[in-house]
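S.K.:
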Amino acid sequence: MTAQRTDTIRWVGDLDGRCRLVEQTLLPGEFKEIDCETQEDMWDAIKRLAVRGAPAIGVAAAFGTVLGVRNSGATDAAGFLDDLKATTEYLASSRPTAVNLFWGLDRMTRVARAAGDVPVAQLKERLLQESKTIWEEDRDICRRLGKHGAALLGEGENALTHCNAGGLATADYGTALAVFFAAHEQGKQFAVFADETRPLNQGSRLTAWELQNAGIPVTLICDNMAGQVMKEGRIQKVFVGADRIAANGDAANKIGTYSVSVLAKHHGVPFYVVAPTSTFDMATPDGAGIPIEQRDPEEIRRGYSGGLNAPADVDVYNPAFDVTPHEHIAGIVTEFGVIERPDTERVREHFRRHGLLADE
Ligand code: MRU
């Protein structure tokens, strides 16, 4: 299909409007947008990956909150906060790993609480405004990620990426793919290898599509080819996104990322994680505490296209994410810069320097 860019997710209209998002399950074969009008629509869109990728899920959480409470019949702020709690708890049950979901829901709750004892109509407008701010901030943050990350990609180098951490995984521009978009805009010559990313093929369906549309040279490989491609000396850097980063820098990302990090370590290829600070979970000391989503066995038995891939009743284990230990990570790129060789102290120092530690 032809290159087609629009907002991955956005709010249309006023408080009685809707959240419009790209139906990512159909890409790249069909480009279609869908409207979410209720919190149930949004829960479903997140669950089945119509909207996906940690930062985009954070934005979806904010818009979903508005959808959930805009028709609240509460007559005072206390009653409204009860309705808000019910909505955020409901949306929080959609997917467990990407911390941006919980970050978005918490931020909406904090804003409503901080507004104090004001009329309910005012609270609803305040939440709509906050959701739009979160959307706008994400767009800005992704461009900053791209700028910091592009400095790490040398002229003439090849990079490997896994899953999709592009414009489709954020409000716009991406995290790991922002590095490539920014380097391309700077006129750098480089090429990207994209892992297919079984079982849902975010790499082949979404990353290859986004990079091709941007005119960036991209070569698709199956996940099990990354080792061979590194051994042939074709990869100089790895850039991936993250769904949740623990306080010591251990980073959860799409299943298969850990294997890539092991291969990169073995072959001496620097491995970078690119993520906004909203993807850090400072309350979780290390990767062992990150919840890993388990998904429907049919995703593996049937594969993405729906045809039978395996005996229909074969046992399946389908963790959607894995955790890359911080020792494998050369640097984490945030909107503020690069945390080199991340560990608990360096992550904390980065947060302290940028005024992000609540307790200091
Ligand atoms: O299951 P998905 O498609 O939501 O998983 C997405 C990823 O793992 C991305 O790499 C991650 O969210 C970073 S997105 C900028």
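Under the numbering used here, the residue at position 245 of the sequence shown is numbered 318, and the numbers go up by one with no gaps. Note that CB positions come from ideal geometry on N, CA and C, so glycine has one too. Since the structure is predicted, the reported quantities are computational estimates derived from the model, not experimental observations.
Cβ of L178 within 9 angstroms of Cβ of A165?
M.R.: Closer than 9 angstroms, so yes.
S.K.: Evaluate the contact criterion for the stretch 199-207 versus the stretch 131-139: three or more CB pairs, one atom per stretch, below 8 angstroms.
M.R.: They touch, by the three-pair rule.
S.K.: May I ask whether a heavy atom of the ligand MRU can be found less than 8 angstroms away from the beta carbon of V132?
M.R.: No, the Cβ of V132 stays beyond 8 angstroms of every heavy atom of the ligand MRU.
S.K.: Could you check the C-alpha separation between P192 and T148 for me, to the nearest Å?
M.R.: Computed Cα separation, rounded: 8 angstroms.
S.K.: Any heavy atom of the ligand MG within a distance shorter than 8 angstroms of the CB on D369?
M.R.: Although the ligand MG was asked about, the structure shown includes only the ligand MRU as ligands.
S.K.: Cα separation between T182 and V172?
M.R.: The alpha-carbon atoms of T182 and V172 are separated by roughly 15 angstroms.
S.K.: Considering only heavy atoms of the ligand MRU, does any lie closer than 8 angstroms to the CB of F394?
M.R.: Yes, the Cβ of F394 comes within 8 angstroms of a heavy atom of the ligand MRU.
S.K.: Would you decide whether R143 is buried or exposed? Buried here means 16 or more other CB atoms lie within 10 Å of its CB.
M.R.: Label assigned to R143: buried.
S.K.: Which runs of the alpha helix (DSSP H), 4 residues or longer, sit entirely within the stretch 135-202?
M.R.: Entirely contained in the stretch 135-202, the alpha helix (DSSP H) runs reaching 4 residues are, in chain order, 150-165 and 172-188.
S.K.: What does DSSP give as the partner residues of Y345 in its beta bridges?
M.R.: BP columns for Y345 point to F312 and G404.
S.K.: Taking just the CA atoms, how far does A315 sit from A281?
M.R.: Near 18 angstroms, if we compare the C-alpha coordinates of A315 and A281.
S.K.: In chain order, what are the residue ranges of uninterrupted beta strand (DSSP E) at least 3 long that sit wholly in the stretch 220-308?
M.R.: 231-234, 264-268 and 291-294, all fully within the stretch 220-308.
S.K.: Please state whether the Cβ-Cβ distance between A244 and I82 is less than 9 angstroms.
M.R.: Against a cut-off of 9 angstroms, the Cβ pair of I82 and A244 comes out as a contact.
S.K.: Leaving out five residues before and five after F409 in sequence, what residues of the same chain have Cβ atoms less than 6 angstroms from its Cβ?
M.R.: Around F409: H427.
S.K.: Taking 8 angstroms as the limit between beta carbons, can you name the residues of its chain near L88, skipping five residues before and five after?
M.R.: Correct list, in chain order: V139, R143, K197, E198 and L201.
S.K.: Taking the straight line between their C-alpha atoms, what separation do you get for T397 and F263?
M.R.: Cα-Cα distance, rounded: 25 angstroms.
S.K.: Round the Cβ separation of V347 and A324 to the nearest angstrom and send it over; I've been treating them as touching at under 8 angstroms.
M.R.: Not a contact, Cβ separation roughly 10 angstroms.
S.K.: Measuring straight from C-alpha to C-alpha, what distance separates L157 and V184?
M.R.: Cα-Cα distance, rounded: 11 angstroms.
S.K.: Do the stretch 251-260 and the stretch 352-362 meet, that is, are 3 or more Cβ pairs less than 8 angstroms apart?
M.R.: Short answer: they don't touch.
S.K.: Report all residues from its chain with a CB closer than 6 angstroms to the CB of S332; omit the five preceding and five following residues, and keep chain order.
M.R.: No residues qualify anywhere along the chain.
S.K.: For the beta strand (DSSP E) that A325 lies in, which residues bound it at each end?
M.R.: Run containing A325: A324 to K327, per the beta strand (DSSP E) assignment.
S.K.: Taking its Cβ as the centre, do 16 or more other Cβ atoms sit within 10 Å of D369, making it buried, or is it exposed?
M.R.: Answer is exposed; the Cβ neighbour count stays below 16.
S.K.: Would a C-beta distance cut-off of 9 angstroms place H339 and M298 closer than the cut-off?
M.R.: No; because the gap between Cβ atoms is not below 9 angstroms, this pair is not in contact.
S.K.: Can you tell me whether L218 is buried or exposed, with buried defined as 16 or more other CB within 10 angstroms of its CB?
M.R.: The residue is buried, with at least 16 neighbouring Cβ atoms inside 10 Å.
S.K.: Could you tell me the distance, in whole angstroms, from the CA atom of T75 to the CA atom of N286?
M.R.: The predicted position of T75 is uncertain, since its pLDDT is 39 and thus under 50; a value taken from the coordinates is nonetheless stated next. Roughly 8 angstroms separates the two Cα atoms.
S.K.: Helix, strand or coil: which one does DSSP assign to R91?
M.R.: Of the three classes helix, strand and coil, the one that applies to R91 here is strand, per DSSP.
S.K.: What does DSSP give as the partner residues of V389 in its beta bridges?
M.R.: Paired residues: none, contrary to the question.
S.K.: Starting from F424, follow the alpha helix (DSSP H) in both directions and report where the run begins and ends.
M.R.: It spans T417 to R426 - the alpha helix (DSSP H) in which F424 sits, taken as one unbroken run.
S.K.: Where does I412 sit, in a helix, a strand or coil, going by DSSP?
M.R.: I412: strand per DSSP, three-state reduction.
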